[in-house]
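Engineer: Below are the C-alpha cells for one structure; questions will follow.
2 protein chains.
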Amino acid sequence: MGITKTAIFTDQDNSLAAIAKALAHPARIAILKHLIKQDSCICGDLVLEIGLAQSTISQHLSVLKQTGLIKGNISGTSVCYCIDTEAWQQANQTFAGLFAAGIPTSNDCC
Amino acid sequence: MGITKTAIFTDQDNSLAAIAKALAHPARIAILKHLIKQDSCICGDLVLEIGLAQSTISQHLSVLKQTGLIKGNISGTSVCYCIDTEAWQQANQTFAGLFAAGIPTSNDCC
DNA sequence: ATCTTTTATCGTAATATTGCAATATATTAA
DNA sequence: TTAATATATTGCAATATTACGATAAAAGAT
C-alpha cells in the first residue's frame, strides 16, 4: 500500500524510524554536514554546494525542519538554517542506545 | 523522479544514507531489537511478534540482509537470522561520527 | 512603486516503498 | 512418495519520495 502501519509499533520504534528516515538521503546528510562544518548558519549556499535545484534543496530542508533536526531564522531576504542542538543530541542518544544494546557476545548465527 | 542522484554525493554520504534507509521503518527497527534481545537467532517468530504478513516480514528481512546489518543461516525448514556484529559496530561508528562532529558550541541560529 | 534576490510552494513525472494474497521452493515428517 | 511446514518470490494496488520547472511570496535595493 505504500503506507506504514504505525499503529502496530511502539512510539519509540516509530520515532527512531522517523529520525532515520530524515537521515536516509545523501542530500540531507550533506546538508547536515555542511551546517555542522559552518557552525554559523548558511542558507541558499547549499544549492551551489550540492548540485540540486533550489526547489529540491528547499524540500530537503523542509524534511529536516519537520523532523526537528534543524531550525531556520529569517534574516533579510534569506533564511538561515542551523542544527537544533537539543534535537541533535537527543537523536545521538537514541541511535547510541540502539547500537549499544545491540552488540551480542558472539557473531555466530544459531 | 523518485530516483536519488547518488553520483553527485560522496561515497560516505551515500553509505550513511543507505544505512539510515535500512533503519527508516519501524518494522525493521522492531526486527533488529528482537534479534538483539534474543541474541540467539529467531526466524518466523517475527511474523507473530510483529503484526505483519509473512511476505512483508520476509521483505523487511531482505532489506536488512542486503544492507548487511543481519545475516541468515538455513537451519532445517526455517531460517535463522541474527545481527552481523561487524556491520553493526561499523554502523554504530558511522552514526557516532556524524553526531559527535555535529554538536556546535551555541544553539543560536545566526 | 518597481526591480531584484531569496526562499517556499505547486504541479507534474518518474520511480520507490509498503503491504498483502497467491504461489513457488525447499526441507522435514509420515 | 506425499503431506506439512517455513521462507522466498511474484504480482498487484496504494501511497510516498525525489526531482525539476514555474510560479508565488517576502524583503531589500533603486
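Chains as they are written, first to last, in our numbering: chain A, 15 to 124; chain B, 15 to 124.
For every residue, glycine included, the Cβ atom is placed at its ideal position computed from N, Cα and C.
Just so you know, these numbers come straight off a predicted model, no measurement behind them.
Quick check: is the beta carbon of A/Ile-30 nearer than 8 Å to any beta carbon in chain B?
Structural biologist: Here residue 30 of chain A is Leu; the residue named in the question, Ile, does not match the sequence. Answer yes: the Cβ-Cβ gap between A/Leu-30 and chain B drops below 8 Å somewhere.
Engineer: Bridge partners of B/Val-93, per DSSP?
Structural biologist: B/Ile-88
Engineer: Using the C-alpha atoms, what's the distance from A/Gly-58 back to A/Lys-79?
Structural biologist: Distance between the alpha carbons of A/Lys-79 and A/Gly-58 is about 15 Å.
Engineer: Measure from the C-beta of B/Lys-85 to each C-beta in chain A and report whether the shortest distance is under 8 Å.
Structural biologist: yes
Engineer: Could you tell me which chain B residues have their CB closer than 7 Å to the CB of A/Ser-103, listed as they occur along the chain?
Structural biologist: For the record, residue 103 of chain A in the displayed sequence is Gln; it is not Ser. Simply Ile-117.
Engineer: With DSSP as the reference, label A/Ile-64 as helix, strand or coil.
Structural biologist: coil
Engineer: Quick one: what's A/Ser-56 bridged to in DSSP?
Structural biologist: A small correction: the amino acid at residue 56 of chain A is Ile; Ser does not occupy that position in the sequence shown. Beta-bridge pairing by DSSP links A/Ile-56 to A/Tyr-95.
Engineer: In whole angstroms, what is the alpha-carbon distance linking B/Gly-65 and B/Ile-97?
Structural biologist: 21 Å
Engineer: May I have the straight-line CA-CA distance separating A/Leu-75 from B/Trp-102, to the nearest angstrom?
Structural biologist: In a straight line, the C-alpha of A/Leu-75 is about 29 Å away from that of B/Trp-102.
Engineer: Can you tell me the Cα-Cα spacing of A/Ala-36 and B/Gly-90, whole angstroms?
Structural biologist: Counting only the Cα atoms, B/Gly-90 lies some 39 Å from A/Ala-36.
Engineer: Any beta carbon from chain A within less than 8 Å of B/Thr-18's own beta carbon?
Structural biologist: yes
Engineer: Could you tell me the distance, in whole angstroms, from the CA atom of A/Ile-105 to the CA atom of A/Ile-33?
Structural biologist: It is Ala, not Ile, that sits at residue 105 of chain A in the sequence shown. Those two C-alpha atoms are separated by around 7 Å.
Engineer: So the candidates are A/Leu-30, A/Pro-40, A/Asp-25; which of them puts its Cα closest to the Cα of B/Ile-22?
Structural biologist: A/Pro-40
Engineer: May I ask you to report which of helix, strand or coil DSSP gives A/Ala-38?
Structural biologist: Assignment of A/Ala-38 by DSSP, reduced to helix, strand and coil, places it in the coil class.
Engineer: Would you grab the beta carbon distance between B/Val-93 and B/Arg-42 for me? Rounded to a whole angstrom, and I think it's under 8 Å.
Structural biologist: About 17 Å separates the two Cβ atoms, so there is no contact after all.
Engineer: Tell me the DSSP secondary structure of B/Phe-23 in three-state form.
Structural biologist: coil
Engineer: Return the CA-CA distance between B/Ala-44 and B/Gly-82, expressed in angstroms with no decimal places.
Structural biologist: 17 Å
Engineer: So A/Thr-91 contacts chain B; which residues on that side make the cut at Cβ distance below 7 Å?
Structural biologist: What A/Thr-91 touches in chain B: nothing, since even the nearest Cβ is about 14 Å away.
Engineer: By alpha-carbon positions, which one of A/Cys-55, A/Thr-108, A/Asn-28, A/Asp-122 ends up nearest to B/Glu-100?
Structural biologist: With distances taken between CA atoms, B/Glu-100 lies nearest to A/Asp-122 out of A/Cys-55, A/Thr-108, A/Asn-28, A/Asp-122.
Engineer: Could you check whether the Cβ of B/Lys-35 sits closer than 8 Å to any Cβ belonging to chain A?
Structural biologist: yes
Engineer: Give every residue of the same chain whose Cβ lies closer than 7 Å to the Cβ of A/Cys-55, excluding the five residues on either side of it in the sequence, and list them in chain order.
Structural biologist: Closer than 7 Å at Cβ, skipping near neighbours: Leu-49, Cys-94, Tyr-95, Cys-96.
Engineer: Show which residues of chain B have a CB atom less than 7 Å away from the CB atom of A/His-48.
Structural biologist: Simply none; closest approach about 11 Å.
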